[in-house]
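If you read the sequence shown in our numbering, its first letter stands for residue 864, the second for the next number, and so on.
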Amino acid sequence: MVGGCCVCSDEQGWNENPLVYCDGQGCTVAVHQACYGIVTVPTGPWFCRKCESQERAARVRCELCPSKDGALKRTDNNGWAHVVCALYIPEVRFGNVATMEPIILALVPTERYNKICYLCEQSGKESKAASGACMQCKDRKSV
Ligand code: ZN
Ligand code: ZN
């Protein structure tokens, strides 16, 4: 993820909605203020929630996808999830819509976690194919 916002991928920032870069060591997170629910942008260094938490990196993984990088937030079950994953899965809610946290996973049907990702399987990543929550095409005939 180079340059652009981890949530919407846009590389442009605006005065009223700037791109904010995480100052965590080795962290590449960049997000728009509004995309990550940053209520006020600090004048000094800013840290994404993952860097702020100081949790061991090995323990931080998204509950909804196999990727560990990107803009993560706490979930209601004490884990982590990407903001972008939360926006994709229709049953996911934000506890507070202004701060976009915590990410509420309680309403996600378990069947989403039981599906196999077609794209991961095709590229030989079976281990990843079964992890996370899947989106299924509404037109079941095409699956
Ligand atoms: Zn954005
Ligand atoms: Zn960070």
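By construction, the Cβ of each residue, glycine as well, lies at the ideal position given by its N, Cα and C atoms. Quick caveat, the model's predicted, so the values are computed rather than measured.
Asked                                                                                                                                     : Found
From Gly-995 to Lys-936, what distance separates their C-alpha atoms?                                                                     : 15 Å
Measuring alpha carbon to alpha carbon, tell me which of Trp-877, Thr-962, Arg-912 ends up nearest Gly-887.                               : Arg-912
With distances taken Cα to Cα, identify the nearest neighbour of Leu-927 among Thr-906, Gly-889, Pro-972, Pro-908.                        : Pro-972
Under three-state DSSP, which class holds Lys-978?                                                                                        : coil
Provide the residue(s) that pair with Glu-964 in DSSP beta bridges, ordered along the chain.                                              : Asn-959
Buried or exposed: Trp-943, going by 16 or more other Cβ atoms within 10 Å of its Cβ?                                                     : buried
At a cut-off of 6 Å, would you count Gly-867 as near ligand 2, judging by its Cβ distance to the nearest heavy atom?                      : no
Under DSSP, the alpha helix (DSSP H) around Val-971 begins and ends at which residues?                                                    : Careful: Val-971 lies outside any alpha helix (DSSP H) and carries neither H nor E.
I need the boundaries of the alpha helix (DSSP H) containing Leu-950, first residue and last residue.                                     : 946-951
Taking all protein chains shown into account, decide if Leu-968 is buried (16 or more other Cβ within 10 angstroms of its Cβ) or exposed. : buried
Where Gly-867 and Gln-875 are concerned, what is the direct C-alpha to C-alpha distance, given to the nearest angstrom?                   : 7 Å
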